[in-house]
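Sequential numbering from 35 applies to the sequence shown in our numbering.
Take a look at the structure set out below.
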Amino acid sequence: MNNNNIPFDTKNRETTSRKRIFLGILSGIGFNINYIIGQDAFNPGNIWILVQSPGITLVLYFVGFLISLLGSFVYIELGIRSLPSGIGEQKYISDAFYPKINFGHVFSFVAIFIMFPSIIVAESYNSAQYLLYCFRRNLNIDWITMIIAMTILFVITSYQIYSNRVSIFINQALACFKILILLIISTVGLVKLRTNSFNWNNIFNASFDFGAFGRGLIKVLLTYEGWNNINYLIGEFNPRPDNLQYPSIILKYSSPISVCITFIICFLSNAAFITVVGYNPNYSTYNESTPMPMRFGQEIFGEPGKNFMSLLVSISTFGCVSALIFTYSRIIKYASETGFIPSLFRDYNRNLNTLVNQLCAQFLYCFILSFIFLIKMDYNISDFLSGASQYAFIIYHGASALCLYIIRIRLRDTNPRFSISIYMVIIYLFIIIFLIIALLVPPRDGSYDYLISYCISWVAIALGIIIWDIRNRIKNQGPNIEI
Numbered sequence: 035m036n037n038n039n040i041p042f043d044t045k046n047r048e049t050t051s052r053k054r055i056f057l058g059i060l061s062g063i064g065f066n067i068n069y070i071i072g073q074d075a076f077n078p079g080n081i082w083i084l085v086q087s088p089g090i091t092l093v094l095y096f097v098g099f100l101i102s103l104l105g106s107f108v109y110i111e112l113g114i115r116s117l118p119s120g121i122g123e124q125k126y127i128s129d130a131f132y133p134k135i136n137f138g139h140v141f142s143f144v145a146i147f148i149m150f151p152s153i154i155v156a157e158s159y160n161s162a163q164y165l166l167y168c169f170r171r172n173l174n175i176d177w178i179t180m181i182i183a184m185t186i187l188f189v190i191t192s193y194q195i196y197s198n199r200v201s202i203f204i205n206q207a208l209a210c211f212k213i214l215i216l217l218i219i220s221t222v223g224l225v226k227l228r229t230n231s232f233n234w235n236n237i238f239n240a241s242f243d244f245g246a247f248g249r250g251l252i253k254v255l256l257t258y259e260g261w262n263n264i265n266y267l268i269g270e271f272n273p274r275p276d277n278l279q280y281p282s283i284i285l286k287y288s289s290p291i292s293v294c295i296t297f298i299i300c301f302l303s304n305a306a307f308i309t310v311v312g313y314n315p316n317y318s319t320y321n322e323s324t325p326m327p328m329r330f331g332q333e334i335f336g337e338p339g340k341n342f343m344s345l346l347v348s349i350s351t352f353g354c355v356s357a358l359i360f361t362y363s364r365i366i367k368y369a370s371e372t373g374f375i376p377s378l379f380r381d382y383n384r385n386l387n388t389l390v391n392q393l394c395a396q397f398l399y400c401f402i403l404s405f406i407f408l409i410k411m412d413y414n415i416s417d418f419l420s421g422a423s424q425y426a427f428i429i430y431h432g433a434s435a436l437c438l439y440i441i442r443i444r445l446r447d448t449n450p451r452f453s454i455s456i457y458m459v460i461i462y463l464f465i466i467i468f469l470i471i472a473l474l475v476p477p478r479d480g481s482y483d484y485l486i487s488y489c490i491s492w493v494a495i496a497l498g499i500i501i502w503d504i505r506n507r508i509k510n511q512g513p514n515i516e517i
């Protein structure tokens, strides 16, 4: 495949020979969907309370759909140009800022130490909370929650160490399960529209609050996050000899289809929740103590419905964590191949043909991170970690759009073929810049706690740049100095 002579940033890569796993379009969609659909798709009530309107929430889901769909087209182009083996933002940034050597390691630092472990810990806590709800009727975070969350991480890590085939099978099964369950929930809920249409009255009855809408949008974008997951799994592609273009086809269709599926099921499930549960701001205490999925289950099935919906959310979030861990281990491997971290994390295990070292390292780091945050924080760990992770993702989505723009300008004299208009790239870039700035505007309640997680993202990026600069300076001082 012609990449128009974009410099390849991994000229010194050496990997252990192993049998590749073949991922197709359906597998790509499955990995994306399993990542995308966690607890947020089942619990839009958090956004309803934040923006004070289920109608505004529906609008935000549509806006998030357009932003994510546009972003998927940007990542398709970048992914195709990074074939056969360069993955994610590290590759895109390194190519765009060439001849700065391995500038993409800035992304590797933030991804490995902030973005992915934060969202993995957050989602594992969510899964544990909803599982424990069946027994204690609350979503409290304590030592028991942490133990269950770490058990979930251990189980997922264990079967991914054992077999890639088992991991992929579980991923696909959970993705299909989530889609089916959300469609059933939507159908059951909308059937009640004839008798519960009054719940749709005044769904847009809310005062304008730019800060709250911005924070609501970032939660919606977190619901969509994962549409580019397939870009991190390029190393798993194994093109057939008779169709070497198939990997680019996987990228071309997996992400947009995933975004469209997510929009449809999230929009329908939101409509079902509006119909069955409704929204009353005067019942905020009850809304917070009894999450929306459980209230929905209670309205449909009675008291046992609470446990049923709680288990569904826990299983869904379990699948999200599984997809995240699978991707996280591939990012660690690629960072090792390009010299960012020790070669210990470069190869597949010779006996199991899985990423044993990478999976064990990420489990240990997530365990430490989870333990630290449980001790130091007295409020919602999941929201804090999700906010930090999602804000960093938004920054790097913008960086990727900038990279594609730079690459297009650099290659304009060679008349390369691009599948996306440069104007779409510019529009997406400006949208992301606007979001990055707008999300800093506080809501009317005057709370600034959310800024802590955003500041962590910027500090992590600054540290990544400093570490990259120091490593390059040391390397330039002499070829024999160990970095």
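Backbone N, C-alpha and C fix where the C-beta goes; we use that ideal spot for every residue, glycine too.
What you are looking at is a predicted structure, and each value in this text was computed from that prediction instead of being measured.
| said: What does the Cβ neighbour count give for VAL293, buried or exposed, with the cut at 16 atoms within 10 Å? | reply: Residue numbering aside, residue 293 sits at position 259 when the sequence shown is read from its first letter. Buried, since its Cβ has 16 or more Cβ neighbours within 10 Å.
| query | Leaving out the 5 sequence neighbours to the left and right, which residues in its chain are closer than 6 Å to PHE42 when beta-carbon positions are compared? | reply | Position 8 of the sequence shown, counted from the start, is the residue given in the question as residue 42. At PHE42, the pLDDT of 44 sits below 50, so the modelled position is not reliable; the number obtained from the coordinates is stated separately. Once the five neighbours on either side are set aside, PHE42 has no close Cβ partner at all.
| Does the segment 244-256 touch the segment 90-105, meaning 3 or more C-beta pairs lie closer than 8 Å? | yes
| Do the CB positions of PHE374 and ILE366 come within less than 7 Å of each other? | For the purposes of this step, residue 374 is taken as residue 340 along the sequence shown, with counting starting at 1. For the purposes of this step, residue 366 is taken as residue 332 along the sequence shown, with counting starting at 1. Cβ distance not < 7 Å, so PHE374 and ILE366 don't count as in contact.
| Can you name the start and end residues of the alpha helix (DSSP H) that GLY524 belongs to? | As displayed, the chain neither begins before 35 nor continues past 517, which places residue 524 out of reach and without an answer.
| What residue does the alpha helix (DSSP H) around ILE521 start on, and which one ends it? | Since the first residue of the chain shown is 35 and the last is 517, residue 521 is not available in this structure.
| From TYR488, LEU389, THR448, residue whose alpha carbon lies closest to that of SER420 | Position 386 of the sequence shown holds residue 420. If we check each option's Cα against that of SER420, TYR488 comes out closest.
| request: Taking PRO327 as part of the alpha helix (DSSP H), name the residues at either end of that continuous run. | output: Working through the sequence shown from its first residue, we reach residue 327 at position 293. Boundaries of the alpha helix (DSSP H) harbouring PRO327: 326-335, taken from the DSSP string.
| query | Do you know how far the Cα of ILE181 is from the Cα of PHE407? | reply | Along the sequence shown, read from residue 1 onward, the residue named residue 407 stands at position 373. Along the sequence shown, read from residue 1 onward, the residue named residue 181 stands at position 147. Distance between the alpha carbons of PHE407 and ILE181: 14 Å.
| query | So is ARG451 buried or exposed if we call it buried at 16+ other beta carbons inside 10 Å? | reply | For this step, residue 451 is matched to residue 417 along the sequence shown. Looking at its Cβ environment, which holds fewer than 16 other Cβ atoms inside 10 Å, ARG451 is exposed.
| request: Let me know the secondary structure DSSP gives LYS134 once reduced to three states. | output: As a working note, residue 134 is residue 100 in the sequence shown. In the three-state DSSP reduction, LYS134 falls in the coil class, being neither helix nor strand.
| field | Contact check, SER220 vs SER303, beta carbons under 7 Å | value | Taking the sequence shown and counting its residues from 1, one reaches residue 220 at position 186. Taking the sequence shown and counting its residues from 1, one reaches residue 303 at position 269. Cβ distance < 7 Å, so SER220 and SER303 count as in contact.
| query | Under the three-state reduction of DSSP, which class applies to ARG199: helix, strand or coil? | reply | Position 165 of the sequence shown, counted from the first residue, corresponds to residue 199. Three-state result, ARG199: helix.
| request: Take TYR27 as the anchor and find which of ILE402, PHE107, ALA130 has the nearest alpha-carbon. | output: Absent from the structure is residue 27, since the part of the chain shown begins at 35 and ends at 517.
| Rounded separation between PHE401 and ASN236 - CA only | Here residue 401 corresponds to residue number 367 of the sequence shown, with the count starting at 1. Here residue 236 corresponds to residue number 202 of the sequence shown, with the count starting at 1. Straight across, the Cα-Cα distance linking PHE401 with ASN236 is about 45 Å.
| Nearest residue (CA-CA) to ILE461, options ILE283, TRP261, ALA240, TYR439 | The residue you call residue 461 lines up with position 427 of the sequence shown. When only C-alpha atoms are compared, the closest one is TYR439.
| query | Smallest Cα separation from LYS212: which of ILE409, LEU345, TRP177, PHE468? | reply | As a first step, residue 212 is located in the sequence shown; it is residue number 178 there, counting from the start. Among ILE409, LEU345, TRP177, PHE468, the Cα nearest to that of LYS212 is on LEU345.
| Going by the beta-carbon positions, is the gap between ILE71 and SER350 smaller than 7 Å? | On the sequence shown, residue 71 is found 37 positions in, with the first residue counted as 1. On the sequence shown, residue 350 is found 316 positions in, with the first residue counted as 1. When the beta-carbon positions are compared, ILE71 and SER350 come within less than 7 Å of each other.
| request: Report the residue from ILE146, PRO151, ARG171 whose alpha carbon sits nearest the alpha carbon of PHE342. | output: Against the sequence shown, residue 342 aligns to sequence position 308. The candidate whose alpha carbon is nearest that of PHE342 is ARG171.
| query | Which runs of the alpha helix (DSSP H), 4 residues or longer, sit entirely within the segment 95-153? | reply | Runs of the alpha helix (DSSP H) inside the segment 95-153: 122-130, 139-144.
| request: Output the distance between the C-alpha atoms of LEU497 and GLU337, rounded to the nearest integer angstrom. | output: The count along the sequence shown starts at 1 and reaches residue 497 at position 463. The count along the sequence shown starts at 1 and reaches residue 337 at position 303. Going by the C-alpha atoms only, they are around 50 Å apart.
| said: Please state the DSSP three-state secondary structure of ARG444. | reply: Position 410 of the sequence shown, counted from the start, is the residue given in the question as residue 444. Note: ARG444 maps to helix in three-state DSSP.
| request: Report the three-state DSSP secondary structure of PRO88 (helix, strand or coil). | output: Looking up residue 88 in the sequence shown gives position 54. Helix at PRO88.
| task | Report yes if the C-beta distance between SER453 and GLU123 is below 7 Å; otherwise report no. | result | In the sequence shown, residue 453 corresponds to position 419, counting from 1. In the sequence shown, residue 123 corresponds to position 89, counting from 1. Taking 7 Å as the Cβ cut-off, SER453 and GLU123 do not qualify as a contacting pair.
| request: Select from ILE441, PHE468, ILE466 the residue whose C-alpha is nearest the C-alpha of SER455. | output: Here the question's residue 455 lines up with position 421 in the sequence shown. Here the closest residue by C-alpha is ILE441.
| request: Please name the residue, chosen from GLU270, ASN391, ILE467, that lies closest to SER119 on a Cα-to-Cα basis. | output: Numbered from 1 along the sequence shown, position 85 holds the residue referred to as residue 119. With distances taken between Cα atoms, SER119 lies closest to GLU270.
| VAL475, DSSP secondary structure in three states | Position 441 of the sequence shown, counting from 1, holds the residue named residue 475. In this structure, VAL475 counts as coil in the three-state DSSP scheme.
| query | Could you give the residue range of the alpha helix (DSSP H) that holds THR257? | reply | By 1-based counting over the sequence shown, the position of residue 257 is 223. Segment 244-258, the alpha helix (DSSP H) holding THR257.
| Is the beta carbon of VAL200 less than 7 Å from the beta carbon of LEU403? | As a working note, residue 200 is residue 166 in the sequence shown. As a working note, residue 403 is residue 369 in the sequence shown. No, these two residues do not count as a Cβ contact at 7 Å.
| Three-state secondary structure (DSSP) of TYR167 | Here residue 167 corresponds to residue number 133 of the sequence shown, with the count starting at 1. Helix.
| query | Secondary structure at ASN230, three-state DSSP: helix, strand or coil? | reply | As a working mapping, residue 230 is identified with position 196 in the sequence shown. When secondary structure is reduced to three states using DSSP, ASN230 falls in the coil class, being assigned neither helix nor strand.
| request: Give the C-beta separation of TRP502 and PHE137 to the nearest angstrom, bearing in mind that I take them to be a contact with Cβ-Cβ under 8 Å. | output: Numbered from its first residue, the sequence shown carries residue 502 at position 468. Numbered from its first residue, the sequence shown carries residue 137 at position 103. Contact holds; Cβ gap of about 6 Å.
| request: Indicate whether ASN263 and TYR69 have their beta-carbon atoms separated by less than 7 Å. | output: In the sequence shown, counting from the first residue as 1, residue 263 sits at position 229. In the sequence shown, counting from the first residue as 1, residue 69 sits at position 35. Closer than 7 Å, so yes.
| said: Could you compute how far the alpha carbon of VAL355 sits from the alpha carbon of PHE131? | reply: Translated into positions along the sequence shown, residue 355 becomes position 321. Translated into positions along the sequence shown, residue 131 becomes position 97. Near 32 Å, if we compare the C-alpha coordinates of PHE131 and VAL355.
| query | With distances taken from CA atoms, which of PHE301, ASP176, LEU393, HIS431 is nearest GLY260? | reply | Counted from its first residue, the sequence shown places residue 260 at position 226. Nearest C-alpha to GLY260 among PHE301, ASP176, LEU393, HIS431: HIS431.
| query | Roughly how many whole angstroms lie between the Cα atoms of GLY245 and LEU469? | reply | Taking the first residue of the sequence shown as 1, we reach residue 245 at position 211. Taking the first residue of the sequence shown as 1, we reach residue 469 at position 435. Their Cα atoms are separated by approximately 11 Å.
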